[in-house]
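Novice:
Number of protein chains: 2
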Amino acid sequence: MSEVDSFFKSAFSVDNVIFGFDGGDLKVLLIQRGAPPYKGKWALPGDLVYPNEDIDTAAERVLEQLTGLKGVYLEQVKAFGAVNRHPLGRVITIAYYSLVKTNDFQPTPASFAQSAQWHSVGTVEELAFDHNQILQSCLTQLKQKVRIAPIGFELLPPKFTLTELQHLYEAILETELDKRNFRKKILSMNVLHDLDEIQAGVAHRPAKLYQFDQERYTRFLEEGYTFDV
Amino acid sequence: MSEVDSFFKSAFSVDNVIFGFDGGDLKVLLIQRGAPPYKGKWALPGDLVYPNEDIDTAAERVLEQLTGLKGVYLEQVKAFGAVNRHPLGRVITIAYYSLVKTNDFQPTPASFAQSAQWHSVGTVEELAFDHNQILQSCLTQLKQKVRIAPIGFELLPPKFTLTELQHLYEAILETELDKRNFRKKILSMNVLHDLDEIQAGVAHRPAKLYQFDQERYTRFLEEGYTFDV
DNA sequence: TCAAAAGTGTTCTTATTACACCCATGG
DNA sequence: CCATGGGTGTAATAAGAACACTTTTGA
Numbered sequence: 010m011s012e013v014d015s016f017f018k019s020a021f022s023v024d025n026v027i028f029g030f031d032g033g034d035l036k037v038l039l040i041q042r043g044a045p046p047y048k049g050k051w052a053l054p055g056d057l058v059y060p061n062e063d064i065d066t067a068a069e070r071v072l073e074q075l076t077g078l079k080g081v082y083l084e085q086v087k088a089f090g091a092v093n094r095h096p097l098g099r100v101i102t103i104a105y106y107s108l109v110k111t112n113d114f115q116p117t118p119a120s121f122a123q124s125a126q127w128h129s130v131g132t133v134e135e136l137a138f139d140h141n142q143i144l145q146s147c148l149t150q151l152k153q154k155v156r157i158a159p160i161g162f163e164l165l166p167p168k169f170t171l172t173e174l175q176h177l178y179e180a181i182l183e184t185e186l187d188k189r190n191f192r193k194k195i196l197s198m199n200v201l202h203d204l205d206e207i208q209a210g211v212a213h214r215p216a217k218l219y220q221f222d223q224e225r226y227t228r229f230l231e232e233g234y235t236f237d238v
Numbered sequence: 010m011s012e013v014d015s016f017f018k019s020a021f022s023v024d025n026v027i028f029g030f031d032g033g034d035l036k037v038l039l040i041q042r043g044a045p046p047y048k049g050k051w052a053l054p055g056d057l058v059y060p061n062e063d064i065d066t067a068a069e070r071v072l073e074q075l076t077g078l079k080g081v082y083l084e085q086v087k088a089f090g091a092v093n094r095h096p097l098g099r100v101i102t103i104a105y106y107s108l109v110k111t112n113d114f115q116p117t118p119a120s121f122a123q124s125a126q127w128h129s130v131g132t133v134e135e136l137a138f139d140h141n142q143i144l145q146s147c148l149t150q151l152k153q154k155v156r157i158a159p160i161g162f163e164l165l166p167p168k169f170t171l172t173e174l175q176h177l178y179e180a181i182l183e184t185e186l187d188k189r190n191f192r193k194k195i196l197s198m199n200v201l202h203d204l205d206e207i208q209a210g211v212a213h214r215p216a217k218l219y220q221f222d223q224e225r226y227t228r229f230l231e232e233g234y235t236f237d238v
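Residue numbers (our numbering), protein chains in the order written: chain A, 10 to 238; chain B, 10 to 238.
1) Excluding the 5 residues flanking B:Pro46 on each side, which residues of the same chain have their C-beta closer than 7 Å to its C-beta?
2) Between which two residues does the alpha helix (DSSP H) carrying B:Asp65 extend?
3) With a threshold of 8 Å on Cβ separation, who are the neighbours of A:Leu144 within its own chain once the five nearest residues in sequence on each side are excluded?
4) For the putative contact between B:Ala119 and B:Leu75, defined by C-beta atoms under 8 Å, what is the C-beta separation to the nearest angstrom?
5) Flag this pair as yes or no: are the beta carbons of B:Gly90 and A:Asp63 separated by less than 8 Å?
6) Is it true that the CB of A:Val109 sits closer than 8 Å to the CB of A:Gly210?
7) Please tell me whether B:Glu62 has its Cβ less than 8 Å away from any Cβ of chain A.
8) Give a yes or no on contact between the region 215-235 of chain A and the region 64-83 of chain B, applying the rule of three or more CB pairs nearer than 8 Å.
9) Taking DSSP as the reference, what is the three-state secondary structure of A:Glu173?
10) Would you verify that the beta carbon of B:Tyr234 is, or is not, closer than 8 Å to some beta carbon of chain A?
11) Between the Cα of A:Leu148 and those of A:Gly32, A:Glu84, A:Phe21 and A:Thr117, spot the shortest distance and give me the residue it belongs to.
12) For A:Leu230 and A:Ile181, what's the separation of their Cα atoms in angstroms?
13) On the criterion of 16 or more Cβ atoms from any shown chain inside 10 Å, does B:Ala125 qualify as buried, or is it exposed?
14) For the region 88-116 of chain A, list every residue whose C-beta sits within 7 Å of some C-beta in chain B, in sequence order.
15) Closest to A:Lys87 by CA distance: which of A:Ser22, A:Phe169 and A:Thr235 is it?
16) Who are the near neighbours of B:Tyr82 in its chain, counting only those whose CB is closer than 7 Å to its CB and skipping five residues on each side?
17) Using the three-state DSSP reduction, which class does B:Phe113 fall into: helix, strand or coil?
18) Within its chain, find whatever has a CB closer than 7 Å to the CB of B:Leu177; leave out the 5 residues flanking it on each side and keep chain order.
19) Since B:Gln126 meets chain A, which of its residues come closer than 7 Å, beta carbon to beta carbon?
Right, here's the structure in full:
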């Protein structure tokens with residue numbers, strides 16, 4: 010084997026940390042590996058990148074195979090490339106995270122998985138490969154990003170209450186927020202559209218429903234507006 | 010060729026955006042390519058990752074070959090993996106940036122380069138591959154990071170004046186800062202050690218010299234301190 | 001004595017925090 | 001009528017922004 014060939018004796022994969030929110034905890038969608046190595050262990054969904062496929066496309070493909078979803082929020086975090094991270098060869102992986110609405114689909118284990126299941130981020134067990142480390146990096150990045158960009162909405166249904174939004178931020182940031190201050194701040198950003206609708210069928214005063222106003226946000230961005238929770 | 014083999018018909022490289030500061034502009038160290046493709050064009054220093062080499066190690070190696078420096082600030086940004094980003098095959102690259110003190114070395118073109126030279130970040134010409142895009146990503150990340158972590162000091166000599174530090178921040182953040190407010194803020198963080206020394210040989214009132222106090226910063230971090238310019 | 005950059009405080013404005021009660025609904 | 005979560009305002013404090021003059025040195 011020539012020297013150049015040996016450089017090409019390696020592969021790359023993508024791993025996708027799919028975040029969801031069930032109203033209480035921040036969740037991550039894990040698969041149980043259906044093939045060695047680490048058969049039976051929980052892991053992040055991922056796959057090798059096809060030779061003629063962009064890495065972003067590969068990440069979208071992994072997401073779609075597992076959830077059926079297209080066009081959801083997806084962001085690359087970084088590459089993981091320790092020599093021995095994969096027991097069967099040299100495989101560098103590119104980590105992504107996605108934000109999905111848990112009600113939009115039922116996870117269907119893709120070819121590479123025995124099963125797929127939501128796990129609370131706070132109580133994730135030991136995962137295959139270096140996936141705990143990857144999850145941690147994605148979580149750190151999400152925490153930062155959610156404060157400076159209006160991406161939290163990606164985890165909520167199109168219509169939501171302010172309390173739901175607050176609980177989402179509390180779950181992601183792992184902190185408690187003051188109800189009045191949170192509402193004041195989020196409403197003062199002017200990117201929520203008051204739908205003039207209220208919850209139905211709840212055993213308490215029904216809350217108003219809001220919607221994220223993407224158009225208005227885009228317009229504000231052009232004027233130099235910054236989102237900042 | 011089997012299907013599995015075709016997955017392994019690819020390589021990965023690292024590219025390292027080496028930032029420096031000359032007192033005025035933020036600089037980036039570019040090489041002029043000595044071999045095809047893009048022979049003669051300016052590019053980011055980079056190299057293929059050896060089969061038995063961690064990607065971080067590869068980035069350190071590229072840096073050392075070009076500068077002779079070890080142990081300097083180095084941070085991964087992200088991977089670039091469009092199918093056609095490299096004209097000769099499928100090559101994914103992992104982008105890093107480093108912060109160096111320009112006075113510590115003279116760049117020596119490594120084997121892969123005809124020459125190496127500092128360029129002002131603001132006036133970088135068209136580079137080889139997708140390197141303009143990579144540079145842009147690293148710059149964006151540096152801008153964010155420099156505000157929340159005391160890494161600016163990595164670009165300055167061990168002893169520096171507050172005005173030099175301010176000019177550095179102005180160059181990175183592409184903004185003007187108020188002298189009094191900047192000094193108040195940076196001194197209130199208590200991570201600068203006043204050396205009780207002053208500049209010599211300047212045709213104006215000599216400035217006091219300061220040093221970044223890494224130990225004190227580390228101690229503060231443990232107490233939950235956050236750096237924030 | 002001039003030019004050039006160093007050094008220094010105060011006021012005003014804005015953002016952040018802390019905090020407690022009444023309201024609407026379903027059971 | 002009770003339990004549950006929804007909804008609201010103000011005062012105190014802290015952080016950020018704006019701003020001008022005196023000092024020290026070398027030429």
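Quick reminder that beta carbons are idealized off the backbone N, C-alpha and C, glycines included.
Specialist: Let me lay it out:
1) Correct list, in chain order: Pro96 and Leu97.
2) From DSSP, the alpha helix (DSSP H) with B:Asp65 extends over Ile64 to Thr76.
3) Here A:Leu144 has Val26, Val37, Leu53, Val130, Val133 and Leu136 as same chain residues with Cβ atoms under 8 Å from its own Cβ, once five neighbours each way along the sequence are excluded.
4) About 5 Å separates the beta carbons of B:Ala119 and B:Leu75, which is inside the 8 Å limit, making them a contact pair.
5) If you check the CB distance, B:Gly90 and A:Asp63 come in under 8 Å.
6) Cβ atoms of A:Gly210 and A:Val109: not closer than 8 Å.
7) Answer yes: the Cβ-Cβ gap between B:Glu62 and chain A drops below 8 Å somewhere.
8) Three or more Cβ pairs closer than 8 Å define a contact, and the region 215-235 of chain A falls short of that threshold against the region 64-83 of chain B.
9) Here A:Glu173 sits in helix by DSSP.
10) Residue contact with chain A for B:Tyr234: absent (no Cβ-Cβ distance below 8 Å to any residue of chain A).
11) Residue A:Glu84 is the option with its Cα nearest to A:Leu148.
12) In a straight line, the C-alpha of A:Leu230 is about 24 Å away from that of A:Ile181.
13) When all chains shown are included, B:Ala125 counts as buried.
14) Cβ contacts with chain B come from Ala88, Gly90, Ala91, Val92, Arg99, Ile101 and Ile103.
15) Nearest option by C-alpha distance: A:Ser22.
16) Cβ-Cβ distances below 7 Å link B:Tyr82 to Ser107, Leu108, Ile160 and Glu163 in the same chain, with the five nearest sequence neighbours on each side left out; the list follows chain order.
17) Correcting the residue type first, residue 113 of chain B is Asp in the shown sequence and not Phe. The answer is helix: DSSP assigns B:Asp113 an H, G or I state.
18) For B:Leu177, same chain residues with a beta-carbon under 7 Å away, outside a window of 5 residues either side, are Phe30, Gly161, Leu164 and Leu165 in chain order.
19) Within chain A, no C-beta atom comes less than 7 Å from the C-beta of B:Gln126; the nearest is roughly 28 Å away.
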